[in-house]
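Chains as they are written, first to last, in the UniProt record's numbering: chain G, 1 to 204; chain R, 1 to 204.
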DNA sequence: GTCTATAGACTGATAGAC
DNA sequence: GTCTATCAGTCTATAGAC
């Protein structure tokens with residue numbers, strides 16, 4: 001009633017319903033967290049009955065896990081892309097950092113996802129690990145690859161990749177996730193410039 | 001019943017009781033988050049009756065806010081201290097970063113606090129802002145001061161401070177809060193060394 | 001008629017508040 | 001300790017495909 005719903009009805013129920021339920025679950029879980037979400041509201045948001053939810057997912061925990069695992073892979077791709085960028089290392093880094101930050105800062109859903117993922121990582125440690133594996137690890141590896149370019153002359157590209165990633169993600173957490181824009185304001189460009197300066201200053 | 005509690009009883013009820021309730025609330029809220037915590041369990045953990053809880057705090061939300069504001073100022077001090085360190089900038093930075101990481105990584109309560117703070121920052125935006133003000137801002141300012149040392153020759157110390165802070169905090173989030181030690185393992189020393197290298201490499 | 005998937009009421013437990 | 005609301009999860013009756 002509250003939400004939109006199925007345009008084309010029935011036929012090939014299973015896949016559509018699952019997707020529909022996940023969509024409703026995403027709305028609710030991202031907004032209210034795990035404990036704050038009721039299965040009744042998930043069902044309403046998805047436009048199906050509770051029995052339908054329970055026929056496709058084992059229980060609240062199972063639905064939550066499937067949802068977050070799906071979101072983890074989706075978010076990872078949308079933010080850092082699968083771009084095989086070529087060119088001067090300094091320019092690549094600048095471009096990757098700019099794009100990643102822009103993506104994160106303009107995606108409210110991503111802020112909500114970060115809140116839930118970190119907030120529930122105590123209750124669902126194995127889920128947090130899956131998301132680290134799906135999001136942090138591949139990005140860190142990609143950045144390591146870029147930072148390993150000989151002309152950058154970086155002694156520990158892997159650790160430096162963690163610094164770069166941490167600077168970007170923590171900036172997002174501070175400014176958007178925790179609503180700190182007015183408390184500790186800073187333009188994205190300043191962060192990016194300072195980052196690229198740190199990484200490339202001896203190669204100028 | 002479950003938890004320890006008041007050794008000395010009654011007399012000067014008010015202050016003791018409030019502290020006692022906050023202690024019980026901390027146990028519960030840090031472990032289960034806001035929505036996952038019941039006032040019954042807070043009362044039990046605090047060793048008082050529910051009526052006592054409600055006589056000292058307006059409601060669940062009020063108790064939660066008071067608790068987190070108190071924790072924010074406490075955590076800030078314990079991790080970055082109020083050390084007025086003197087000496088060579090490079091050495092200072094190395095020392096500050098090492099100590100901060102060590103403090104964070106060895107404090108399970110701090111991991112739990114980060115989870116709750118970030119996890120509830122959607123529901124309590126003004127509370128998140130208060131914590132940014134109390135924790136991020138002063139630390140960023142302190143680091144900015146160190147990074148502004150002329151011999152470091154850093155064009156934007158403020159932005160660089162955010163990078164430094166972000167690298168440290170995100171490392172903590174990845175390794176401890178999200179349980180990623182086994183997924184993306186890395187020694188703290190490598191991070192610290194790479195950080196100090198980035199910041200000081202042109203002044204060696 | 002039969003069968004599958006569905007809706008919506010139902011249950012026992014537990015929540016916040018006083 | 002009481003009260004009302006709401007929770008997760010279940011059950012029953014039914015709607016529609018074949």
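Note that beta-carbon positions come from the ideal geometry of N, C-alpha and C, so glycine has one too. None of the values given here were measured: they were computed from a predicted structure.
When the five nearest sequence neighbours on each side are left out, the beta carbons in the same chain lying within less than 6 Å of the beta carbon of residue 114 of chain G are those of 177, in order along the chain. The beta carbon of residue 121 of chain R falls within 8 Å of a beta carbon belonging to chain G, placing the residue at that interface. Distance between residue 157 of chain G and residue 137 of chain G, taken at the CA atoms: about 14 Å.
Residues of chain G with a Cβ closer than 8 Å to the Cβ of residue 171 of chain R are, in chain order, 162 and 166. With the criterion set as a beta carbon lying under 9 Å from some beta carbon of chain G, the members of the UniProt domain "HTH tetR-type" (15-75) of chain R are 30, 31, 32, 33, 34, 35, 36 and 37, in sequence order. Within the region 131-179 of chain G, the complete alpha helix (DSSP H) segments of 4 residues or longer fall at 137-147 and 157-172, listed in chain order.
If you draw a straight line from the Cα of residue 194 of chain G to the Cα of residue 97 of chain G, it comes to about 11 Å. Taking 8 Å as the cut-off, the beta carbon of residue 34 of chain G is found closer than this to the beta carbon of residue 123 of chain G.
Nearest CB-CB separation between residue 155 of chain R and chain G: below the 8 Å threshold.
No Cβ of chain G is located within less than 8 Å of the beta carbon of residue 142 of chain R.
By the neighbour-count definition (other C-beta atoms within 10 Å, threshold 16), residue 175 of chain G is a buried residue. At the C-beta level, residue 46 of chain R and residue 23 of chain R come within 8 Å of one another. Closest by C-alpha distance to residue 65 of chain R, out of R:36, R:91, R:25 and R:103, is R:25. In the three-state scheme derived from DSSP, where H, G and I count as helix and E and B as strand, residue 186 of chain G is classed as coil. No beta strand (DSSP E) of 3 residues or more sits fully in the region 18-70 of chain R. Short of 8 Å from the beta carbon of residue 49 of chain G, and not among the five residues preceding or following it, lie these beta carbons of its own chain, in chain order: 43. Counting the other CB atoms within 10 Å of its CB gives residue 170 of chain R a total of 16 or more, which places it among the buried residues. When DSSP states are grouped into helix, strand and coil, residue 123 of chain G belongs to the coil group. For residue 109 of chain G, the three-state secondary structure derived from DSSP is helix. Taking a Cβ-Cβ threshold of 9 Å, the residues of chain G close to residue 193 of chain R are 155, 156 and 159, in chain order. Residue environment: residue 77 of chain R is assigned as exposed (fewer than 16 neighbouring CB atoms within 10 Å of its CB, all protein chains considered). The beta carbon of residue 85 of chain G sits closer than 6 Å to those of 92, all from its chain and outside the five residues before and after it, given in chain order. When the five nearest sequence neighbours on each side are left out, the beta carbons in the same chain lying within less than 8 Å of the beta carbon of residue 188 of chain G are those of 98, 101, 102, 105 and 171, in order along the chain. Contact of residue 137 of chain R with chain G is assigned, a C-beta pair being separated by under 8 Å.
Ranking R:16, R:109, R:163 and R:125 by CA distance to the CA of residue 192 of chain R puts R:163 first. Judged by their CB atoms, residue 118 of chain R and residue 130 of chain G are not nearer to each other than the 8 Å cut-off.
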